[in-house]
Amino acid sequence: MLEIELRNVSLRYGRNPVVQDISFNVKPGQVLGLVGPNGCGKSTLIKAVSRVITPSSGSILVNGCSIEEIKRMELAKMLGVVPQIPLLPGNFSGFEIVLMGRNPHLGLLQYEGKKDIAIAWRAIEETSTWHIANRKISQLSGGEIQSIVIARVLAQQTEAILLDEPTSNLDIGRQIEIMDLLKGLCRRQNLTIIIALHELNLAAQYCDELVLINKGRIQCTGKPAEVITSENIEQVYGSGSYVGSHPLSGLPVVLPTAGSSNHSQE
Amino acid sequence: MLSQQTEASVMEEPPKAWLYPKWRKRIAAVIALLFVLLLVILFATSTGSVEIPFGTTVSILLSKLPFTDITPNWEDGIEMIVWSVRLPRVLLAGLVGAALALAGATYQGLFRNPLADPYLIGVAQGAALGAVIGFMLPVSAAGAGIGIVPLLAFVGALLSVTIVYMLARVGKMVPVSTLILAGVALGALMGAIVSYLAIRSDMLRGIMFWLSGSFSMIEWSEVQIVFPIVVIGSVVIMLFSRPLNIMQLDEEQAQQLGISVEKMKLILLAAATMITAAAVSFVGIIGFVGIITPHAVRLIWGPDYRFLLPLSLISGAIFLILADVLARTLIAPSEIPIGIITALCGAPFFLYLLRSRIKASY
């Protein structure tokens, strides 16, 4: 059970501010989606929560404790990350990469034992990647690499998972499969999930709560139906997309409308 | 469609054994190579300008072990050659080969760069500068039985890497690319100084001989100094083989998997530099072992550092011992600089390996 809270977090690269004054919290059993245009700071926030970069002001708390005070190894037992473009060494096998997820649970002199191997194989089964587990990374497609990294984060067995565009290279079938898996884990095991998505329809379907970020600041937060409205979309993305509701779930859907950008000639 | 799926799942059933099948092969390889190393040491000790029967060599060595009772049936001169001349030389060649190969593997992993070798960030040039200064000093020997040349070479190597590390430091971080650039630049600077000093010096021949590496005139005292340094450094490096694996992802992912990347860089750089410095100080700059051995091991047994490190260490030792046998026997009684042998024999073997593996993987 892990609660993540951001309090007035600002982040910068050098002197360029990237995000400013971001606050939100995620409770166990909840999927929080970070949405917003390209370059709005979603990935930067994910990096900050996993302590890869340090906020210039504000604080990030895990169960009420600042992440600056948690050792890296301990933090890696609490939260796992699926990066946006995971660079993996091409000559390792898929299985070897998944097994790396066990690292935070092992001491310096410990080797992966029976239990770790079993956990890795279960993660591989859950993500249905067993057919690529023994292949070299260099022989895998972008989508297959993403699946392997998701298997790795499951093998890490953390109470919180941060994902940065985990489905950007997946076809629609795999997208739904992975998102169903994550949502199911979240509900069953009370995981805390933060997921950065640019695909608004996917975000609307799966997230309990959305944070819409625009130019590094929070535009609005709330349930998908409260955040994905035609006014917000127009304001943040600039183009007039059509926002309707999903015929089966009733959740909002965004449909692109040709000729609604400022490149269109009237 | 359905039948295809079931077929695939039958074929790719996850293995039930907890020991990952590839690991068994690699563990077997470590044991087999250790055995080969032992044989190579015995072979190299009995081979030379005076041919000594294999059996005699083994008996002489066994008689030196405690609790053995072997009556000598050999001449004292033979025992002298085996015990005081050849064995220290063979062991030092093994230690240097092991150190360079291990340091090379570590640097390649740390920099995630296949072109990295133990000399990439200024160890060799620092050692050379120290050695050249040692040659030019009027003092002939320092205390503790170490010559002034190896002492200054060791200090020069450590000092130059320390300077490179400081130069590359940005705040709390030491980016790999800056480290390499600073190393190459400082190395060039020191290389120029070495060349200038060498041609101005009247010790040019001695300096050139040191620069191209040689195991002649090796005694037990040198083995006794290099051995503990290489052992300690190697143990430290191998302790961190799993973190080194994870650093093959990128630094960001390594941090997210619990690795303190900067701490790890500092420890591994220090250990790899120390064993490289110890290796080159006594025998000069021997090229090729450090870059080729880890690659050959990687091509045969895969990239997992937990096996790559010990396998490189043992292979490096075997390679350099055999190279030294050739160096001292091919045109006996004179010697060929060992660097020529390592390149002449290592390069074709590596190219063969490269081509055959490339064909296999496409």
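Chain order of the listed sequences is A and B. Following our numbering, the numbering of the first sequence begins with 1 at its first residue and continues without gaps. Following our numbering, the numbering of the second sequence begins with 1001 at its first residue and continues without gaps. Think of the CB as a built atom: it goes at the ideal place given N, C-alpha and C, for glycine as much as any other residue. What you are looking at is a predicted structure, and each value in this text was computed from that prediction instead of being measured.
Residue 1235 of chain B counts as exposed, since fewer than 16 other beta carbons sit within 10 angstroms of its beta carbon. Short of 6 Å from the beta carbon of residue 1327 of chain B, and not among the five residues preceding or following it, lie these beta carbons of its own chain, in chain order: 1335, 1336, 1338, 1341. With distances taken between CA atoms, residue 1230 of chain B lies nearest to B/1103 out of B/1173, B/1103, B/1076, B/1042.
With a cut-off of 8 Å on Cβ pairs, the stretch 26-44 of chain A is in contact with the stretch 203-218 of chain A, counting three or more such pairs. The continuous beta strand (DSSP E) containing residue 16 of chain A extends over residues 16-26. Nearest CB-CB separation between residue 1252 of chain B and chain A: below the 7 Å threshold.
Within chain A, no C-beta atom comes nearer than 9 Å to that of residue 1024 of chain B; the closest sits roughly 13 Å away. Put simply, of A/50, A/212, A/14, A/151 the residue whose alpha carbon is nearest the alpha carbon of residue 1260 of chain B is A/50.
Secondary structure of residue 160 of chain A (DSSP, three-state): strand. Secondary structure at residue 1203 of chain B: coil, using DSSP grouped into helix, strand and coil.
Residue burial annotation: residue 262 of chain A is exposed, with fewer than 16 other C-beta atoms found within 10 angstroms of its C-beta.
The contact set of residue 1304 of chain B on chain A, defined by CB atoms closer than 8 Å, consists of 92, 96 in chain order. Taking residue 61 of chain A as the centre and dropping the five residues before and after it, the same chain places the C-beta of 5 closer than 6 Å to its C-beta, in chain order.
The contact set of residue 50 of chain A on chain B, defined by CB atoms closer than 7 Å, consists of 1256 in chain order. Here residue 1213 of chain B is not near residue 1292 of chain B, since their CB atoms are 7 Å or more apart. Restricting attention to B/1119, B/1057, B/1169, B/1199, the CA atom closest to the CA of residue 1188 of chain B is found in B/1119. The C-beta separation of residue 1207 of chain B from residue 1201 of chain B comes to about 6 Å, placing the pair in contact by the 8 Å criterion.
Rounded to whole angstroms, residue 1091 of chain B and residue 109 of chain A show a C-alpha spacing of 29 Å. In this structure, residue 1199 of chain B and residue 1309 of chain B do not form a Cβ contact; the two beta carbons are roughly 40 Å apart against a cut-off of 8 Å. With respect to chain A, the C-beta atom of residue 1125 of chain B has no partner C-beta closer than 7 Å. In this structure, residue 192 of chain A lies near residue 160 of chain A, with their beta-carbon atoms less than 7 Å apart.
The CB of residue 76 of chain A comes closer than 9 Å to the CB of 1255, 1256, 1257, 1258, 1259 in chain B, given here in chain order.
Three or more beta-carbon pairs separated by less than 8 Å are not found between the stretch 64-71 of chain A and the stretch 151-159 of chain A, which leaves the two stretches without contact. Contact annotation: the stretch 1277-1292 of chain B touches the stretch 1148-1159 of chain B, with at least three C-beta pairs closer than 8 Å.
In this structure the stretch 178-188 of chain A touches the stretch 161-168 of chain A; the number of beta carbon pairs closer than 8 Å is three or more.
For residue 201 of chain A, there is no enclosing beta strand (DSSP E); the enclosing alpha helix (DSSP H) has its first and last residue at 200-206. At a cut-off of 7 Å between C-beta atoms, residue 1091 of chain B does not count as an interface residue with respect to chain A. Counting along the chain, the unbroken alpha helix (DSSP H) around residue 232 of chain A starts and ends at 230-237. Residues of the same chain with a CB within less than 6 Å of the CB of residue 77 of chain A, apart from the 5 flanking positions on each side, are 104 in chain order.
With respect to the 7 Å criterion, residue 98 of chain A and residue 137 of chain A are not classified as neighbours on the basis of their beta carbons.
Under the DSSP assignment, residue 220 of chain A falls in the beta strand (DSSP E) whose first and last residues are 217-222. Taking C-alpha positions only, residue 1329 of chain B is separated from residue 1317 of chain B by approximately 18 Å. Neighbourhood of residue 1351 of chain B in chain A, by CB distance below 8 Å: empty, with the nearest CB roughly 19 Å away.
Three or more Cβ pairs closer than 8 Å define a contact, and the stretch 1048-1055 of chain B falls short of that threshold against the stretch 1065-1073 of chain B. In the three-state reduction of the DSSP assignment, residue 12 of chain A falls in the strand class.
Using a CB distance below 7 Å, the part of the stretch 52-72 of chain A facing chain B consists of 52, 72, ordered along the chain.
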